[in-house]
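Colleague:
Protein chains: 2
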Amino acid sequence: MTPQSEDFSAWYNEVVVKAQLVDRGPVRGTMVIRPYGYRIWELLQADLDRRIKEAGHDNACFPMFIPESYLRREAEHVEGFSPELAVVTVAGGKELEEPLVVRPTSETVIGEYMAKWIDSHRDLPLLLNQWANVVRWELRPRMFLRTTEFLWQEGHTAHIDEADAMRETEWALDTYAAVARELAAMPVVPGEKTAGERFAGAVRTYTIEGMMRDGRALQAGTSHYLGTNFAKAFNIQYQDEEGALQYAHTTSWGMSTRMIGGVIMTHGDDKGLVLPPRLAPYQVVIVPIGRKEQGEATAAEARRLGAAIKSMGIRVHVDDNRPQLSPGFKFNDWEMRGVPIRIEIGPRDLADGVGTLARRLPTAEGQGKETIPLARLPEELPQILADFQAFLLARAEAFRNEHTRAVDSWDDFGAQVSGGWALAFHCGRTECEDDIKADTAATPRCIPADGPAEQGDCVKCGRPSPYGKRLIFGKAY
Amino acid sequence: MTPQSEDFSAWYNEVVVKAQLVDRGPVRGTMVIRPYGYRIWELLQADLDRRIKEAGHDNACFPMFIPESYLRREAEHVEGFSPELAVVTVAGGKELEEPLVVRPTSETVIGEYMAKWIDSHRDLPLLLNQWANVVRWELRPRMFLRTTEFLWQEGHTAHIDEADAMRETEWALDTYAAVARELAAMPVVPGEKTAGERFAGAVRTYTIEGMMRDGRALQAGTSHYLGTNFAKAFNIQYQDEEGALQYAHTTSWGMSTRMIGGVIMTHGDDKGLVLPPRLAPYQVVIVPIGRKEQGEATAAEARRLGAAIKSMGIRVHVDDNRPQLSPGFKFNDWEMRGVPIRIEIGPRDLADGVGTLARRLPTAEGQGKETIPLARLPEELPQILADFQAFLLARAEAFRNEHTRAVDSWDDFGAQVSGGWALAFHCGRTECEDDIKADTAATPRCIPADGPAEQGDCVKCGRPSPYGKRLIFGKAY
Ligand SMILES: [Zn+2]
Ligand SMILES: [Zn+2]
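Chains as they are written, first to last, in my numbering: chain A, 4 to 480; chain B, 4 to 480.
(1) What does the Cβ neighbour count give for P29 (chain A), buried or exposed, with the cut at 16 atoms within 10 Å?
(2) Between F68 (chain A) and chain B, is the shortest Cβ-Cβ distance under 9 Å, so that the two count as touching?
(3) Would you call the region 157–177 of chain B and the region 227–244 of chain B in contact, with 3 or more CB pairs under 8 Å?
(4) Looking at the C-beta of S255 (chain A), does it have a partner C-beta in chain B at a distance below 9 Å?
(5) DSSP puts S123 (chain A) in a beta bridge; with which residues?
(6) If you follow the beta strand (DSSP E) that G358 (chain A) is in, where does it begin and where does it stop?
(7) If distances are taken between C-alpha atoms only, which option among B:G298, B:H252, B:A425 and B:R345 comes closest to L130 (chain B)?
(8) Determine, using beta carbons only, whether Y285 (chain A) and A63 (chain B) come nearer to each other than 9 Å.
(9) Check for me: the alpha helix (DSSP H) holding T301 (chain B) runs from which residue to which?
(10) For I344 (chain B), does the three-state DSSP call read helix, strand or coil?
(11) Would you kindly report the start and end of the unbroken beta strand (DSSP E) that includes V206 (chain B)?
(12) Here's the rule: buried if 16 or more other CB atoms are within 10 angstroms of the residue's CB, otherwise exposed. What is R325 (chain B)?
(13) By the criterion of Cβ-Cβ separation under 8 Å, what are the contact partners of E496 (chain B) in chain A?
(14) Would you call E383 (chain A) buried or exposed, if buried means 16 or more other Cβ atoms sit within 10 Å of its Cβ?
(15) Rounded to the nearest angstrom, what separates A13 (chain A) and S123 (chain B) at their Cα positions?
(16) With DSSP as the reference, label I475 (chain B) as helix, strand or coil.
(17) Closer than 9 Å, CB to CB, is W337 (chain A) near chain B or not?
(18) Taking 8 Å as the limit between beta carbons, can you name the residues of its chain near R466 (chain A), skipping five residues before and five after?
(19) Please enumerate, following chain order, all residues with a beta carbon closer than 7 Å to at least one heavy atom belonging to ligand 2.
(20) How many Å lie between S255 (chain B) and R408 (chain A) at the Cα?
(21) Should W44 (chain B) be flagged as near chain A, meaning a C-beta pair shorter than 9 Å?
(22) So the beta strand (DSSP E) T92 (chain B) belongs to, where does it begin and stop?
(23) Taking buried to mean at least 16 other C-beta atoms within 10 Å of its own C-beta, is L142 (chain A) buried or exposed?
(24) Just the C-alpha distance for Q386 (chain A) and L328 (chain A), rounded to the nearest angstrom, thanks.
(25) Just the Cα atoms here: how many angstroms apart are V93 (chain B) and E110 (chain A)?
(26) Could you give the distance in angstroms between the alpha-carbon of I322 (chain B) and the alpha-carbon of L248 (chain A)?
(27) So, with DSSP's three-state summary, where would you put W140 (chain B)?
(28) Can you tell me whether Q458 (chain B) is buried or exposed? The criterion is at least 16 other CB atoms within 10 Å of its CB, across all chains shown.
(29) Would you mind stating whether A378 (chain B) and I348 (chain B) have Cβ atoms separated by less than 9 Å?
(30) Taking only the alpha-carbon atoms, compute the straight-line gap between A444 (chain A) and N132 (chain B) and give it to the nearest angstrom.
(31) Just to check my reading of the structure: M339 (chain B) and A118 (chain B) have Cβ atoms closer than 8 Å, yes? What is that Cβ distance to the nearest angstrom?
(32) Would you mind giving the Cβ-Cβ distance between L154 (chain B) and T260 (chain B), rounded to the nearest angstrom? I have them listed as a contact below 8 Å.
(33) At 3 residues or longer, and completely inside the region 376–463 of chain B: list those beta strand (DSSP E) runs for me, N to C.
(34) With a threshold of 9 Å between beta-carbons, can T108 (chain B) be considered close to chain A, or not?
(35) What is the DSSP secondary structure of D272 (chain B), counted as helix, strand or coil?
Listed below in structure tokens is the structure:
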């Protein structure tokens, strides 16, 4: 595999295929998510879906074909998405009278039904979510990160006023940050986007930004306060307590299969994937060693141990069905596929009732490979896995901090964004953002929610900053 | 609502909208599945997904855009699906060189990847499943039953030989029958389809058929043995133990949102939906009664009881937030929406610690509405719900038996299929099936797996039957 330091892109493109996460689809820009990759998505989905439901949202399913005329009703929205649309023009053997857009996102079609379902203030808030595939035609596709078709959830809600809609927008952002930290071990930075980076049709866009191991930023989830833009375009109105008609305030928010790319690029190394236990299809793999009778004895012990570990609610795989492969090959294979914990059981271990436990990476305390009594393992593994999960988060946080620096001069800025994030003041003008991008390929990733109050002048043009804090700049995926 | 006996179709179209299961989509033939309908799908999906995984299948996700050329590789397949295809011809602002079909089913694209992933007999069986949306352009759409876009799971597997592939085909059929019986309380009949009713590209097609309350049949799930048809079209080959190249034998099987239509038409009545507890979004609804202080006291008791019932793992809803509606309106509303059990708590009940329990239908023992001590309710409800579930299955089974009859003359045949199913002998010729359909609108639904061995002559043309048993004939959805 190409080393990360040599060509990070090449490393990524190789590892996603070798680890059997994904294959290129038959149509340019599409992907086949293979079982090992899809399981990561299912684990993320189960947790996020539970949080969405516990906060009072209901899942629904809206059609993926949207009449072209719907998109045109919100001017900024159609302008933002037009270049990326896939259009059905023929169906049932006939040319269609009105072409159908395959949804790039569902604000418009859901807006149409919100207008139908909402009459009174009693119908608000209306809290909807859907798990769906969406299509945005990609000229420079990248597996998981930018594909023509991808999977996501999209929340769409309607509220009585701005304050309630903003509470929802912030709830979604906080939830995404928690999922990223707790499941993906990604120490993301939440914050607002600048005007130049806003969602097409939004009043305010919020994001969580993660740092990848090449120092670039990945936008891993977004939450939008749409004001009354879509309410006016689709006539989403309600009668208030006095009987007067008012426009609802709406929000939308999404997290996608892009998160899988984030996991790969946050934790992976030159040996391949490193998966956080909470998203690992196999948290533990047991490899029995030995040939013939000895191999049968260790395989039997591996299966017994596997059953005991499984009964603790741990996802475990026993690699006892590939006699044609050497133990060394198997060790490398599971390391490449990112399994957090590997247990090796050799013929000489059996008499002593021990095995070797190998972590995918040595944890902070220097624990890599150790001999461990098998009888105690099922009880000890939950803590070992939790420690490994915490270790990955701390490692990613340390990496991000090492590669983030406050810069106040234009010379320092260019050097800093070549391999990390720059904390810098900015004037807030979109033209100035464009200049910075043209010169360095870096963009403002967000106005960090937790950034300390500080005044200063634009790192590029010297005009005073209106934000009252430094922005994060970096090259983005 | 239109009574079922007056116009069953009108009843169906009204109830699906009034009960807030679904709305018409913006494009002809599409549907919006609303939260109350989508929850039914989620409950079915969770159970079926668990069974699919326990039997060793892995979920994956294949692209929905399929190059038109893929479909042409299997001649029968393309012929069967061509009239129903939706085609993307423009994307990213340009006319595409090769039009893309939106998947009507995924045998072709999955076949392409099976060929890539399978090398050796060690790679078999390959057991894949995906949960996806598919598109088949519908000229006579009907919510849930025939819509342009619908949701389903599609299993796709590859095997070493016919025997192993047939075991898989039968496993899927048995699983569908179990899900229909145990969750949907639909006493479906499993069996093989005749040649005239086979899936386009299959060697053998199996189905589960349920009887709806108008006597028609609903095909509620299908399982196909595809032989080596797709293996030859897509070159799915493996090296056997001797090193020789062999074609794999493949299967496919699917169950869809059509099942929701089956639930509605199997159990519903003139008051509206009747939902089996295992698929009911709300298994129990509690309606507190009374105005002002009295209303506040019963609502408090309803919430306390609701929490106790919820802690038993029961899906319960407390209707305490619609003071503008009368109790009678609420009772009718929840009956129309099919909630299995309703608990009413009135002001006079509080002192006695009792409430009224009303079943959506009186069960076989004549239990409809009864006074019940609230303290015992959380413990007793699981059994009450299980009894109601069993009652619905028995009721549907009795209905089906009453409306199924063996017929041996053509005169009797026409009368029988006008409101039920006919068990009849058939010659096996597709032209004769076509004659029967032209005369009566009835088709052979299946060769019932459990039908007793019996010899006879075709009910239509008098030629001898090759099946060794009677077929089920009926009008189909
Ligand atoms: Zn500036
Ligand atoms: Zn005949």
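Ideal placement from N, C-alpha and C gives every residue a C-beta, glycine not left out.
Modeller: In brief:
(1) Along the first sequence, read from residue 1 onward, the residue named residue 29 (chain A) stands at position 26. Buried, by the Cβ-count rule.
(2) Here the question's residue 68 (chain A) lines up with position 65 in the first sequence. F68 (chain A) counts as touching chain B.
(3) yes
(4) Walking along the first sequence from the start, residue 255 (chain A) turns up at place 252. No, S255 (chain A) does not count as interfacial toward chain B.
(5) Here the question's residue 123 (chain A) lines up with position 120 in the first sequence. Paired residues: A:Q242.
(6) To locate residue 358 (chain A), count along the first sequence from 1; it is residue 355. Note, G358 (chain A): beta strand (DSSP E), V357 to R362.
(7) Here residue 130 (chain B) refers to the residue found at position 127 of the second sequence. Cα-wise, what sits closest to L130 (chain B) is B:H252.
(8) Residue numbering aside, residue 285 (chain A) sits at position 282 when the first sequence is read from its first letter. Residue numbering aside, residue 63 (chain B) sits at position 60 when the second sequence is read from its first letter. Not closer than 9 Å, so no.
(9) Along the second sequence, read from residue 1 onward, the residue named residue 301 (chain B) stands at position 298. From DSSP, the alpha helix (DSSP H) with T301 (chain B) extends over K295 to K313.
(10) Here residue 344 (chain B) refers to the residue found at position 341 when the second sequence is read from its first residue. Looking at I344 (chain B) - three-state DSSP - the assignment turns out to be strand.
(11) In the second sequence, the residue the question calls residue 206 (chain B) occupies position 203. V206 (chain B) -> no beta strand (DSSP E), and no H or E assigned at all.
(12) Counted from its first residue, the second sequence places residue 325 (chain B) at position 322. Under this definition R325 (chain B) is an exposed residue.
(13) Nothing about residue 496 (chain B) can be read from this structure; chain B reaches only from 4 to 480.
(14) The sequence position of residue 383 (chain A) within the first sequence is 380, counting from 1. With fewer than 16 other Cβ atoms within 10 Å, it is exposed.
(15) In the first sequence, counting from the first residue as 1, residue 13 (chain A) sits at position 10. In the second sequence, counting from the first residue as 1, residue 123 (chain B) sits at position 120. About 29 Å.
(16) Sequence index remark: in the second sequence, residue 475 (chain B) carries index 472 (1-based). In the structure shown, I475 (chain B) sits in a strand (DSSP, three-state: E or B).
(17) Within the first sequence, the letter at position 334 stands for residue 337 (chain A). Chain B contact via Cβ: absent.
(18) Residue mapping note: residue 466 (chain A) aligns to position 463 of the first sequence, counting from 1. C430, R432, C435 and D460.
(19) B:H429, B:C430, B:R432, B:C435, B:C461, B:K463, B:C464 and B:R466
(20) Position 252 of the second sequence, counting from 1, holds the residue named residue 255 (chain B). Position 405 of the first sequence, counting from 1, holds the residue named residue 408 (chain A). Rounded to whole angstroms, S255 (chain B) to R408 (chain A) spans 55 Å at the Cα level.
(21) Position 41 of the second sequence, counted from the start, is the residue given in the question as residue 44 (chain B). Yes, contact with chain A.
(22) Looking up residue 92 (chain B) in the second sequence gives position 89. Where T92 (chain B) is concerned, the enclosing beta strand (DSSP E) stretches over A89 to A94.
(23) What you label residue 142 (chain A) is simply residue 139 of the first sequence in a count that begins at 1. Classification of L142 (chain A): exposed, given that the 10 Å Cβ count is below 16.
(24) Residue numbering aside, residue 386 (chain A) sits at position 383 when the first sequence is read from its first letter. Residue numbering aside, residue 328 (chain A) sits at position 325 when the first sequence is read from its first letter. Spanning the two alpha carbons is a distance of roughly 31 Å.
(25) On the second sequence, position 90 is the one that residue 93 (chain B) refers to. On the first sequence, position 107 is the one that residue 110 (chain A) refers to. Rounded to whole angstroms, V93 (chain B) to E110 (chain A) spans 22 Å at the Cα level.
(26) Reading the second sequence from its first residue, position 319 is the one you call residue 322 (chain B). Reading the first sequence from its first residue, position 245 is the one you call residue 248 (chain A). First, the residue type needs correcting, since residue 322 (chain B) is Asp and not Ile in the sequence shown. Rounded to whole angstroms, D322 (chain B) to L248 (chain A) spans 27 Å at the Cα level.
(27) In the second sequence, counting from the first residue as 1, residue 140 (chain B) sits at position 137. Residue state, collapsed to three classes: coil.
(28) The count along the second sequence starts at 1 and reaches residue 458 (chain B) at position 455. Exposed, since its Cβ has fewer than 16 Cβ neighbours within 10 Å.
(29) In the second sequence, the residue the question calls residue 378 (chain B) occupies position 375. In the second sequence, the residue the question calls residue 348 (chain B) occupies position 345. Cβ distance not < 9 Å, so A378 (chain B) and I348 (chain B) don't count as in contact.
(30) Mapped onto the first sequence, residue 444 (chain A) falls at position 441. Mapped onto the second sequence, residue 132 (chain B) falls at position 129. Those two C-alpha atoms are separated by around 42 Å.
(31) The residue labelled residue 339 (chain B) in the question sits at position 336 within the second sequence. The residue labelled residue 118 (chain B) in the question sits at position 115 within the second sequence. M339 (chain B) to A118 (chain B), Cβ: 51 Å. No contact.
(32) Taking the second sequence and counting its residues from 1, the one referred to as residue 154 (chain B) is at position 151. Taking the second sequence and counting its residues from 1, the one referred to as residue 260 (chain B) is at position 257. That pair is a contact at about 5 Å.
(33) 407–409, 424–427 and 445–451
(34) Working through the second sequence from its first residue, we reach residue 108 (chain B) at position 105. No, its Cβ sits nowhere closer than 9 Å to a Cβ of chain A.
(35) Residue mapping note: residue 272 (chain B) aligns to position 269 of the second sequence, counting from 1. Here D272 (chain B) sits in strand by DSSP.
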